[in-house]
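Working notes, beginning with the structure itself.
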Amino acid sequence: MPLARLEVPQRERKVPTNVRLAGRRPAGRIEVPVMVCYSPIYATLPPAGLMVFWTTPYGAYDFDRRVNNDCRGCKMNAALRRGTLRAALGAARRPADTAGRRSAHSAASFKWTDPLDAESLYTADELAIQDTARRYCQEQLAPRVLEAYRNEAYDPEILREMGSLGLLGATIQGYGCAGVSTVASGLITKEVERVDSGFRSGMSVQSSLIMTGIHEFGSEELKQRLLPQLAQGKLLGCFGLTEPNHGSDPGSMETVARPHPTKKGFYSLSGTKTWITNSPISDAFLVWAKLDGKIRGFVVERDQCPEGTLRTPAIKNKTALRASITGMIQMDNCPVPETNMFPEVTGLVGPFTCLNSARLGIAFGTMGALEDCISRAREYALERKQFKGNPLAKYQLVQKKLADAATDAAYGTLAAVQVARLKDEGKAVPEMISMIKRQNCDRALAGSRTLQEIFGGNAASDEYHIGRHVANLFVTQTYEGQSDIHSLILGRAITGVQAFVYDDELTFTIDEAPPAGTRDPPLAVGLAARLLFPLPLPSFVLCLAARRGKTTHVPEPANTQPRHSHRREKTHHRRNAHDHDHDHSRSRSLLSHQTLRVHTAVMALKRINKELTDLGRDPPSSCSAGPIGDDLFHWQATIMGPEGSPYAGGVFFLAIHFPTDYPFKPPKVNFTTPVYHPNINSNGSICLDILRDQWSPALTISKVLLSICSMLTDPNPDDPLVPEIAHLYKKKDGEYERIAAEWTRKHAIG
9 MPLARLEVPQ RERKVPTNVR LAGRRPAGRI EVPVMVCYSP IYATLPPAGL
59 MVFWTTPYGA YDFDRRVNND CRGCKMNAAL RRGTLRAALG AARRPADTAG
109 RRSAHSAASF KWTDPLDAES LYTADELAIQ DTARRYCQEQ LAPRVLEAYR
159 NEAYDPEILR EMGSLGLLGA TIQGYGCAGV STVASGLITK EVERVDSGFR
209 SGMSVQSSLI MTGIHEFGSE ELKQRLLPQL AQGKLLGCFG LTEPNHGSDP
259 GSMETVARPH PTKKGFYSLS GTKTWITNSP ISDAFLVWAK LDGKIRGFVV
309 ERDQCPEGTL RTPAIKNKTA LRASITGMIQ MDNCPVPETN MFPEVTGLVG
359 PFTCLNSARL GIAFGTMGAL EDCISRAREY ALERKQFKGN PLAKYQLVQK
409 KLADAATDAA YGTLAAVQVA RLKDEGKAVP EMISMIKRQN CDRALAGSRT
459 LQEIFGGNAA SDEYHIGRHV ANLFVTQTYE GQSDIHSLIL GRAITGVQAF
509 VYDDELTFTI DEAPPAGTRD PPLAVGLAAR LLFPLPLPSF VLCLAARRGK
559 TTHVPEPANT QPRHSHRREK THHRRNAHDH DHDHSRSRSL LSHQTLRVHT
609 AVMALKRINK ELTDLGRDPP SSCSAGPIGD DLFHWQATIM GPEGSPYAGG
659 VFFLAIHFPT DYPFKPPKVN FTTPVYHPNI NSNGSICLDI LRDQWSPALT
709 ISKVLLSICS MLTDPNPDDP LVPEIAHLYK KKDGEYERIA AEWTRKHAIG
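Numbering-wise, the sequence shown is residues 9 to 758 according to our numbering.
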């Protein structure tokens, strides 16, 4: 390597302030050896492209800018004076005599792109994977993002390109997947989201949701058949959990699976999923549905679905994630082979396992988007001049905005890396993932919004990209667990107290009639109550038994604490006494709260029982209703098709579910018989004002049924659940009546 000798005045030499000169201060002018070499980075440039390294006794440094061949003498000296020194990273850039050890006098400078040196935590493989992902994203994705965002046009070829690089399902071992660490997978998502959150969403759905679901819960036959194709991007997939009426409350999903009526060995799925990334272009759909009341996972394959049983319309005119494609999954008796159902997992464990995998990726990805915002805001602040020709970067408020965002990005990256390492070690718990998903999404959105202010009015132009990131990052707060939901998950873990409501099926039995003189109505022997609050069964039985004059003893847990000494035993007893008092106080509080809830449920039962009696005395015309078995909260209703309508002669069945705070909340009513109607969708959901915002406690189920009968005769096409049917109804050409009558003959007669 050729050496050029150059004299640099001591006053002009730029040395980091934290470099000590070992008590010596060279006087006058010093000679500094300068290594001049061609850098591989600039191999494609003319020979004038040079990289200058400056090696001193105090460490090794290099310049951030190229120096031309014509830099000789004073010109090179001037270039050196203009250059910015930064510490050379790695032993390769240090003098040979200091390789492998850090000199006491060497100093690392602050790197604004990686403030806390997160890269030092990555393995060589992880760095190589990050580099591969970054080059692909910057060279192949970045040039496409504006056109995709402006036109809401997602190119499915992107997933095939990612598959060819091994970026899909990267943590899965075998089945054609890379089998890398969780950190490496997180770095991939970070680089993709550095370009656009929509691109990352499409990749996350493929990798973390459908592929993880099949790998964790699918049969071996399903894994062997689908995972290699999904890993290569030859098959595209999506994840169907969210429904029009159930977002943060997936346990209340309405999509159902039943044994197929004509195909042996198949299930029939009916229901609607919405806001499903990739659904319009997917070949395979991981859909969660209730089978016999239990949530199960099914892999629906498009090529196995007869025409009309599966539709996946796109959702257009989004204000964010426009570079990805989003749609619905509409299933009407869609056949699914029994072998495509996940054989063992039931309940929300299945979908939440997939979501936790994706949430960790989002925690990485949002930091990539925030880092891109920082980079663009920094560049803009340095170039944009205001007030006497000063760059915006000179002003304190601008620097504070950049400092705050850089701090959030650095902290968020380190937190994501830590949780990813714990996951690979089997030590991560869901609350950790909730914490970093919530924190990183919130801080990325807040930081990007603050940085957006630096751009002023120019932020409104998509050519500056900052507005696109802000819009996208708002959505990352909402999907895969809205930030408030993650707050409640963390709050429950911190306090041990559940704050959000959920449905829990509890069945209990009352063996005795109400004591004489009480105002409680007769209750059936087997009463199934639907409780919309977290309630331990023993306490609930204790509350209810107390209302019946019973006494119930709930034994205290046995003390299994070992006794090692007399002193420790006494301390242990004092602590137990304190804990016992605390537990009693908490139990009394919970018991009071739960008793109030039980009183509310009893009030609902009184009202429901009264309405049942009134229906028996004065039944409405063409309608009937009553409880299913002994469950007073769950009724079945029957409506005869009104004469003079396309539904004449039909018998239509409805399901009615009363909430425990009825009549202060409306009952949930839906058709179980298919009905062709603009205000009734394929799930049987009914668009009726009195079942929504116009509900009043003065209304009864009898009045609700009469209103539904009236709606069958006079649809409301201006407030439709099915716009296509409403459009057909408005045409008044008889086609609507013909199809409705045909459906009635097919589903409601005979």
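Beta carbons: idealized from backbone N, C-alpha and C, even for Gly.
Problem - Three-way DSSP call (helix, strand, coil) for D639 in this model - result: Reduced to three states, the DSSP call for D639 is strand.
Handout entry: Proximity of G455 and A467 at Cβ, strictly below 8 Å
Key = Inclusion of G455 and A467 in the CB contact set at 8 Å is not warranted, their separation being larger than that value.
Problem - Rounded straight-line distance, which links the Cα of L277 to that of V344 - result: Distance between the alpha carbons of V344 and L277: 7 Å.
Exercise for the section: Give the DSSP-derived three-state secondary structure of S215 in the structure shown. Expected result: The three-state reading of DSSP puts S215 in helix, counting H, G and I together.
Exercise for the section: Output the distance between the C-alpha atoms of F463 and G742, rounded to the nearest integer angstrom. Expected result: Each residue's alpha carbon lies about 57 Å from the other.
Exercise for the section: Express the C-alpha separation of D450 and C79 in angstroms, rounding to a whole number. Expected result: Here the model assigns C79 a pLDDT of 36, short of 50, so the residue's position is not dependable and the matter cannot be decided.
Handout entry: Beta-carbon proximity list for S759, same chain, < 6 Å, skipping 5 on both sides
Key = Shown here, the chain extends from 9 to 758; a query on residue 759 therefore has no answer.
Handout entry: CA nearest to the CA of S630, picked from I337, F641 and F660
Key = Of the candidates I337, F641 and F660, the one whose C-alpha sits nearest the C-alpha of S630 is F660.
Problem - Three-way DSSP call (helix, strand, coil) for H254 in this model - result: Strand.
Handout entry: Endpoints, alpha helix (DSSP H) assigned at K739
Key = Taken as a continuous stretch (DSSP letters only), the alpha helix (DSSP H) holding K739 covers P731 to K739.
Handout entry: Identity of the residue in H268, V425 and V353 nearest C313 by Cα
Key = By alpha-carbon distance to C313, the top candidate from H268, V425 and V353 is H268.
Practice task
Evaluate E750 with the Cβ neighbour count: other Cβ atoms within 10 Å of its Cβ, from every protein chain shown; 16 or more gives buried, anything less gives exposed.
Solution key: Exposed: under 16 other Cβ atoms inside 10 Å.
Problem - Backbone secondary structure at W283 - three-state DSSP - result: Note: W283 maps to strand in three-state DSSP.
Exercise for the section: State yes or no: is the C-beta of P723 within less than 8 Å of the C-beta of P686? Expected result: With respect to the 8 Å criterion, P723 and P686 are classified as neighbours on the basis of their beta carbons.
Practice task
Might you give, ordered along the chain, the residues of its own chain that have their beta carbon closer than 6 Å to the beta carbon of A656, omitting 5 neighbours on each side?
Solution key: Here the set comprises G649.
Practice task
Could you give the DSSP three-state label for E309: helix, strand or coil?
Solution key: E309: strand per DSSP, three-state reduction.
Practice task
Within the same chain, show all residues whose beta-carbon is closer than 6 Å to that of A756, passing over the 5 residues directly before and after it, in chain order.
Solution key: Within the same chain, and ignoring the five residues on either side of A756 in sequence, the residues whose Cβ sits closer than 6 Å to its Cβ are G658, V659, F660 and T681.
Exercise for the section: Give the straight-line distance between the Cα atoms of P635 and S193, rounded to the nearest whole angstrom. Expected result: Taking the straight line joining both Cα atoms gives about 52 Å.
Handout entry: Limits of the alpha helix (DSSP H) - the one that W296 falls within
Key = No alpha helix (DSSP H) holds W296; the beta strand (DSSP E) holding it covers A292 to L299.
Exercise for the section: Look at the alpha carbon of I664 and the alpha carbon of F641, and state the distance between them as a whole number of angstroms. Expected result: Distance between the alpha carbons of I664 and F641: 8 Å.
Handout entry: Pick from Q338, L244 and G305 that is closest to G316, judged by C-alpha positions
Key = Of the candidates Q338, L244 and G305, Q338 places its Cα closest to the Cα of G316.
Problem - Q394 versus E169: straight-line alpha-carbon distance, rounded - result: Taking the straight line joining both Cα atoms gives about 44 Å.
Practice task
For A141, collect the residues of the same chain with a Cβ closer than 6 Å to its Cβ; drop the 5 residues on either side in sequence, then sort them by chain order.
Solution key: Hits under 6 Å: I196 and E199.
Problem - Pairwise C-alpha distance: E488 and V458 - result: The amino acid occupying residue 458 in the given sequence is Thr; Val does not appear at that position. Answer to the nearest angstrom: the Cα atoms are 24 Å apart.
Practice task
Determine the DSSP secondary structure at F61, reduced to helix, strand or coil.
Solution key: Interpretation of F61 is limited by its pLDDT of 38, a score under 50 that renders its predicted location unreliable; the figure taken from the coordinates is listed afterwards. Taken through DSSP and simplified to helix, strand or coil, F61 comes out as strand.
Practice task
Look up G182 in the DSSP assignment and give the residues it is bridged to.
Solution key: According to DSSP, G182 bridges with C185.
Handout entry: Start and end residues, alpha helix (DSSP H) containing H665
Key = From DSSP, H665 is part of no alpha helix (DSSP H) but of the beta strand (DSSP E) over V659 to H665.
Problem - Closest by C-alpha distance to V295, when choosing among G355, Q237, A328 and Q240 - result: It is G355.
Handout entry: Same chain, Cβ closer than 6 Å to G273, neighbours up to 5 away in sequence not counted
Key = Excluding positions up to five away in sequence, the list reads E346.
Practice task
With F679 as the anchor, note down where its beta strand (DSSP E) starts and where it stops.
Solution key: Annotation: the continuous beta strand (DSSP E) that includes F679 extends over K676 to F679.
Handout entry: For V683, the three-state DSSP class (helix, strand or coil)
Key = The DSSP-derived three-state label of V683 is coil.
Exercise for the section: Kindly indicate which three-state DSSP category S547 falls into: helix, strand or coil? Expected result: Caution is warranted here: a pLDDT of 35 is assigned to S547, below 50, making its placement in the model unreliable, and the coordinate value is therefore given only provisionally. S547 falls in the helix class under three-state DSSP.
Problem - Enclosing beta strand (DSSP E) for N341 [first to last residue] - result: Counting along the chain, the beta strand (DSSP E) containing N341 begins and ends at T334 to P345.
Handout entry: Beta-carbon gap between G210 and S287 smaller than 8 Å
Key = No. Outside cutoff.
Practice task
May I ask you to list the residues that DSSP assigns as paired with S260?
Solution key: BP columns for S260 are empty, so no partner.
Exercise for the section: Determine the direct distance from the alpha carbon of G259 to that of L623, and round the result to whole angstroms. Expected result: Rounded to whole angstroms, L623 to G259 spans 32 Å at the Cα level.
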